[in-house]
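4 protein chains.
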Amino acid sequence: MSELFDRGEARIRWIRSRMPLLADARTEFAARQPFAGRRVGMSLHLEPKTAVLLEVLAAGGAEIVATGNFGTTQDDVVAFLRGQGMTVLGSRDDSLEQHHRNVAAVIDAKPDILLDNGADLAAGIVAAGMADSVIGGTEETTSGALRLRSELAGKLPFPTIVINDSLLKAIGENRHAVGQSVVESIMRITNLMIPGGRFVIAGYGWCGRGIAQYLRAFGGRVAIAEVDEIKAFEAALDGYRVDELENLAEWGQVFVTATGHPGVITRDIIDRMNDGAVLANAGHFPWEIDVDALYADAERLTQLDSAIERVDLPGGRHIVLLAGGRMVNLAGTNPKGNSLESMDLGFLLQSLSLERVATDPESLIAGAQPVPDDIEREIARRFVRALGANR
Amino acid sequence: MSELFDRGEARIRWIRSRMPLLADARTEFAARQPFAGRRVGMSLHLEPKTAVLLEVLAAGGAEIVATGNFGTTQDDVVAFLRGQGMTVLGSRDDSLEQHHRNVAAVIDAKPDILLDNGADLAAGIVAAGMADSVIGGTEETTSGALRLRSELAGKLPFPTIVINDSLLKAIGENRHAVGQSVVESIMRITNLMIPGGRFVIAGYGWCGRGIAQYLRAFGGRVAIAEVDEIKAFEAALDGYRVDELENLAEWGQVFVTATGHPGVITRDIIDRMNDGAVLANAGHFPWEIDVDALYADAERLTQLDSAIERVDLPGGRHIVLLAGGRMVNLAGTNPKGNSLESMDLGFLLQSLSLERVATDPESLIAGAQPVPDDIEREIARRFVRALGANR
Amino acid sequence: MSELFDRGEARIRWIRSRMPLLADARTEFAARQPFAGRRVGMSLHLEPKTAVLLEVLAAGGAEIVATGNFGTTQDDVVAFLRGQGMTVLGSRDDSLEQHHRNVAAVIDAKPDILLDNGADLAAGIVAAGMADSVIGGTEETTSGALRLRSELAGKLPFPTIVINDSLLKAIGENRHAVGQSVVESIMRITNLMIPGGRFVIAGYGWCGRGIAQYLRAFGGRVAIAEVDEIKAFEAALDGYRVDELENLAEWGQVFVTATGHPGVITRDIIDRMNDGAVLANAGHFPWEIDVDALYADAERLTQLDSAIERVDLPGGRHIVLLAGGRMVNLAGTNPKGNSLESMDLGFLLQSLSLERVATDPESLIAGAQPVPDDIEREIARRFVRALGANR
Amino acid sequence: MSELFDRGEARIRWIRSRMPLLADARTEFAARQPFAGRRVGMSLHLEPKTAVLLEVLAAGGAEIVATGNFGTTQDDVVAFLRGQGMTVLGSRDDSLEQHHRNVAAVIDAKPDILLDNGADLAAGIVAAGMADSVIGGTEETTSGALRLRSELAGKLPFPTIVINDSLLKAIGENRHAVGQSVVESIMRITNLMIPGGRFVIAGYGWCGRGIAQYLRAFGGRVAIAEVDEIKAFEAALDGYRVDELENLAEWGQVFVTATGHPGVITRDIIDRMNDGAVLANAGHFPWEIDVDALYADAERLTQLDSAIERVDLPGGRHIVLLAGGRMVNLAGTNPKGNSLESMDLGFLLQSLSLERVATDPESLIAGAQPVPDDIEREIARRFVRALGANR
């Protein structure tokens, strides 16, 4: 374990040194002890950046009981966190059954506060009839918030702050950090030239806007496909070509989906693309490109390099698929995902929201709710200062 | 009158040819006659662009009774509209008393529908006890909406659609059209070089964002002063220097206010500026730069050219003030204001909103309200198509 | 004369206050007196900016004998300069014959040094057999340099420094200042929206590059037509659509020529354009758009506003022509041309080049030659400092 | 060998499919056989992209005798090329002595034509007294061209075309491809956020211009340090802050050198930097950052991740050094270097230049010379067409 610990420690060191907001929070929490005597149950990606968040909560007096998400747990990070005295479940090779057992174990530990991801813990707590013992919690994702507001609506007596509803997160993470990491990943995986290339972005939400902006900034020629009229209007005034996807299929060379919806790039649309078209997905779920239909017709599949696959179709055409249609900014050799500063921002949203839950639950309502406005403003102020935007 | 009519006709011709959305609306309204038998009372700027709007409403069967705003009426436009058979009151040189008589005359004409600007007509109708005879109306401005929602709240039995609440207008007009026209005006009035220049924008709302974006696009170095934390955060991530105005005073060369608030550039801040600093205001009201305080100290005032004035201060420094602190994009020789296409957009919002009021008032609530969502989407679709964004 | 003098003085005051490089040169020249005892003969545009240049030379001890160019002389500027004791010939309404007499009068005055524009003075001096009495001079234009290097090659015993060969001028004036002023002028004259509009630029030299860059920066969608393969390559990598003009004719909405060549936009190409296409020229000569052919077919010509004309063609289509095909950035109501700072740069090139001619003619060769490298570097350094680029 | 061959083949396949210019050249060369009966001696990086170039030359009838550069040879590529029947020397682990023997072996093979890199083959041929048997060749690098024009000047009876003198290469590779790959590499290695970050670029040549442009395009705030006055002037008008490096040291967060000169970031300058400053070099030689002086003072060195190292200095400050001061765009995990399309461009310059040497040496002069103008124009035309810039 010591070797694993060391490796985790080395990787975390660089990251921690670039998260000034969490560093300050750690100092404050150490003094204020907002989580003293509280057990915080967590379900989240266990990778080096999240480790820094856990350190902060622990510094605030929290007893940590955490499990990773299915399939993304990094063992050296787990080793490092256990070395800090936290209860951390899961390993990279866990089966789905083992993962479910890990989630159940977190619930069995009777947490006072939840840091949830996809509402798995909230659903488990409700199913176990333990909701009354929980003070409150946070939910990281939009899909978790959807569960809280539909299947779990009215069943939660405690407040849950939805981190992803934050406007700071939309701007800082969805627009800028995803925009940056998607473009970086496409370059890293394909080694293609951006200036003069023709890119089609499906979806002009926060992520799509960022991806389009960053590709155009690099000299790419960018067209937008967007079914929402208001967003299409915004794209047109931002100077992009705007059309339906089927009309852009023949024009584009690289297609990036960022809609949040399934079945965006269908087999029919692929049929209109030119030989050698490149497909990538930036949305959370791997359903935006109809990969199954693409594979079903393939005459030959060739792995060209990490996260880049050639699909030969009947008639002599081929399509290049990145990351098998999964999130391209987490794919390929040594992907790093969103920037450290954007994660620092997102985790401070988590930290201060959890502190509010722990110390002032009466100021919140039962059920899902946005990050309190004063927390948003406080974090915006700190971020701008840490960035040195005034220099 | 014939000569005035001809001049008005010539100016309006170019404008009309570049307003395809209104051209289509005119054809539709001619067929549908949504305003048949209705008298529409109006208070608005009487200049060539608005003339095209009046033509559209008239084509839809409206009997028009209109007065201009105080001090902005263009006589050739009035002549042209009268030649079309409309009742149009006011002239450029009207006294304030005459202007009030004109507004009263519109109310006395017992309009069924109101196209209001600053809520003058709505207030007059209420005061006259005639509110029950009105079907509904529209309000162009945010300041008018504020009156409707405060001093007139609960007093209006009819619906009023607030055009300026539209997201389309925020994007198309406030961000892009104002951004474009402010930068064009500064160049036109001063003849200064933008690339390499240092600009400070006070306010990062829709207008400030547009002005900053367009100045930077021209190679200007731009800093933002913004008291709202979330907007300051957005500016910082957009890559601008962000600081308080007093800290930027010495750095900037040209200062543009776009905050909507009074007293932004105070005498104290001016005292920190360098010799030759240029001040311009882009906000609706001429109160963002403290012009009175500036003049009070002046040793000498020199009009350098149209809308550009040199203010010599004690101690040998001078300040250059544009347009006396009034809206810079409506100042100087031959200003044209916002682009024709953006006005086409705004006036289609007016036209379709007024049609909704006339033909389906039951779908609306009493009092101030935003543009119905289906109208926003319909207009967004038309605008993108008229722009040829798919080409 | 006194009133004319005052008006000229007021206009020149603003301009002088924004030409810091010339202000410094004036101080230096006053001390060094490089032109003491020298008569400088000049042929140049007599407008407020050039007046500041003349003041600088006069401060350096020069006896000025100047005439304006044909048709561009501004009488209040002439009045102002005469009030300074200079010999200045010409007025706005001079006939061509009178203009030729003015040029002859400058030559008759036996100048020691020439500041030439189009090589008119050099050709006159040679024709008069007076070349041996001239120490040297400068030539402002590329077309003048062409004459010096062809028809006058070998006939000039004295050095002539060609200002327009300067790389500083190419970057500062042709790229940035012309780019800025052309885009400003199109907006000012037409009031059209730039974002989302479709622009075709013919020519990707220094001027074309600047115009394309500034239009795209404002959100315009820009395509380039360029016959030179290397420049077309550069445009493609800069992310523009690149194609032949005939293939872009149907796509574009606004066409701007900046090639330096005649007959670029032919009647055939106009025939492919859509109804309402707008044509503008940014090149020095009014020959890039085939205006004669356009007018020849016109069914009707309508002046829509200053510098904007509607040309109705057979078949119901119309074309909108700006400035009759002359330089668009000098057209319309109250055009100001290139920015003050860019003129400050260009005139310092003139000033220091003329000083070199006057004080160290042996360091130069006979005939046309570029600005000496040390002068270019000295001016670059001063410009960057005056700009405050380090702030 | 078969497994190595397969791996090389798989990597080369993707690359070859994205090099349309070389694909066409291969077809043409197969028909024209310009190198029939010729032995081509080569010294170059043996990696997947260059393998595609060798295939093209072989298709044109060349007998290939090649060696890699010292330390960069990829064994699977060598295996693949040998499998094509070429004579390819060298392996990744060769000692410097073995490398020199490989170069000597290429010379001993009596090549008719040289494809040189750093002028090693040319120097060897001269030293061996074999220069008269060579028809001509190409030189890839600027440093090789320098040797040809100094130490080998007058000693080469045959023509050598210098590929790096090409304007196409300056634009396509140095500006755009290096700009793209440096920014991609900094993001990939550090995971830092670009928008809002403060970057200092030393050098505003082709590479520096590209790096600055791409960083600013991503929302970075960029300052330039440049000792050449003309380039500094260009940077200032491009809207960058411009100052001396020592004055920017305290402001910047990330410093990138691209000057081509040694000792740019000295220990003194590092002393002015803030804690955590990041240093990267984009120039060819690892001498722009004074790494030795940095290490000499270090209290501790920590490898944080691949190509990123923390250097703790006395007094509690630390510096982050990327790639040990070597070219950052070839560093870190799985670096891919310049884009495939830019390499396609560069290798077509090689291919057509070598064909000119082989088939029309009389059109060339002895010694170093630029790529013939007609070849530049032909390649520019092909590149723009292959890019589909007209679409």
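Residue numbers (our numbering), protein chains in the order written: chain A, 1 to 391; chain B, 1001 to 1391; chain C, 2001 to 2391; chain D, 3001 to 3391.
Glycine included, every Cβ here is placed at the ideal spot set by N, Cα and C.
Owing to the predicted nature of the structure, the values given are computational and were not obtained by experimental measurement.
Here the segment 3197 to 3207 of chain D lies against the segment 3252 to 3259 of chain D, with 3 or more beta-carbon pairs under 8 Å apart. Below the 9 Å Cβ cutoff, chain B contributes Leu1237, Asp1238 as neighbours of His176 of chain A, in chain order. Around the C-beta of Asn1117 of chain B, 16 or more other C-beta atoms lie within 10 Å, and the residue is accordingly described as buried. In the DSSP assignment, Pro1048 of chain B falls within the unbroken alpha helix (DSSP H) covering 1048 to 1059. Scanning its chain for C-beta atoms nearer than 7 Å, with the 5 sequence neighbours on each side dropped, one finds around Pro372 of chain A the residues Arg356, in chain order.
As DSSP reads the structure, Thr3257 of chain D sits in a beta bridge with D:Ala3202, D:Asn3281.
Pairing Thr1027 of chain B with Leu1046 of chain B gives a Cβ-Cβ distance that is not under 8 Å.
With a cutoff of 8 Å on beta-carbon distance, Ala2282 of chain C and Ile2211 of chain C are scored as near each other. Close to Trp2287 of chain C, with beta-carbon spacing below 9 Å, lies no residue of chain B; the smallest spacing is near 26 Å. In the three-state reduction of the DSSP assignment, His3318 of chain D falls in the strand class, which pools E and B. When rounded, the separation of the alpha-carbon atoms in Val3056 of chain D and Leu3352 of chain D is 11 Å.
For a Cβ distance threshold of 8 Å, residue set Leu1237, Asp1238, Gly1239 of chain B lies close to Pro3195 of chain D, ordered along the chain. Taking a cut-off of 8 Å on C-beta distances, the segment 131 to 141 of chain A does not touch the segment 61 to 78 of chain A, as fewer than three cross pairs fall below it.
The DSSP-derived three-state label of Gln1369 of chain B is strand.
Of all residues in the segment 191 to 222 of chain A, only Pro195, Gly196, Gly219, Gly220, Arg221 place a beta-carbon less than 7 Å from a beta-carbon of chain C. For Arg92 of chain A, there is no enclosing beta strand (DSSP E), as DSSP marks it with neither H nor E. The closest CA to that of Asp1271 of chain B, considering only B:Trp1287, B:Phe1285, B:Glu1288, B:Leu1245, is found on B:Leu1245. For Gln3303 of chain D, the enclosing beta strand (DSSP E) stretches over residues 3300 to 3305. Within the same chain, Gly1332 come within 7 Å of Arg1188 of chain B by CB-CB distance, once the 5 residues on both sides are set aside.
Under the three-state reduction of DSSP, Thr2333 of chain C is assigned to coil, being neither helix nor strand.
Any Cβ of chain C closer than 8 Å to the Cβ of Phe3233 of chain D would place that residue at the interface, and such an atom is present. From the beta-carbon of Gln1180 of chain B, the residues of chain C found nearer than 8 Å are Met2187, Met2193, Ile2194, Pro2195, Phe2218. The alpha-carbon separation between Ala2177 of chain C and Val1222 of chain B amounts to approximately 19 Å. Collapsing the DSSP output to three states places Pro286 of chain A in coil.
Val1242 of chain B belongs to the set of residues whose beta carbon lies under 8 Å from a beta carbon in chain A.
Taking the beta carbon of Asp305 of chain A as reference, the chain D residues within 7 Å of it are Arg3011, Trp3014, listed in sequence order. Straight-line measurement puts the Cα of Gly3315 of chain D at about 10 Å from the Cα of Glu3299 of chain D. A Cβ-Cβ separation of about 7 Å places Leu3321 of chain D in contact with Leu3294 of chain D under the 8 Å criterion. In chain order, Asn3117, Gly3118, Asn3164 place their CB closer than 7 Å to the CB of Thr3141 of chain D, counting only its own chain and leaving out the 5 sequence neighbours on each side. Selection D:Val3162, D:Phe3158, D:Ala3066, D:Gly3129 evaluated against Ala3145 of chain D yields D:Val3162 as nearest (Cα-Cα).
Rounded to whole angstroms, the Cβ separation of Pro34 of chain A and Thr359 of chain A is 5 Å, and the two are in contact under 8 Å. Using beta-carbon distances, Leu167 of chain A counts as an interface residue toward chain B, with a partner under 8 Å. Residues Ala1119, Ala1122, Ala1123, Val1126 of the same chain have their beta carbon placed closer than 7 Å to that of Leu1152 of chain B, with the five preceding and five following residues left out of the count. Interface with chain B (8 Å Cβ-Cβ cutoff): Asn247 of chain A is included. In the structure shown, the three-state DSSP call for Glu1234 of chain B is helix.
Rounded to the nearest whole angstrom, the C-alpha separation of Pro2020 of chain C and Asp2344 of chain C is 7 Å.
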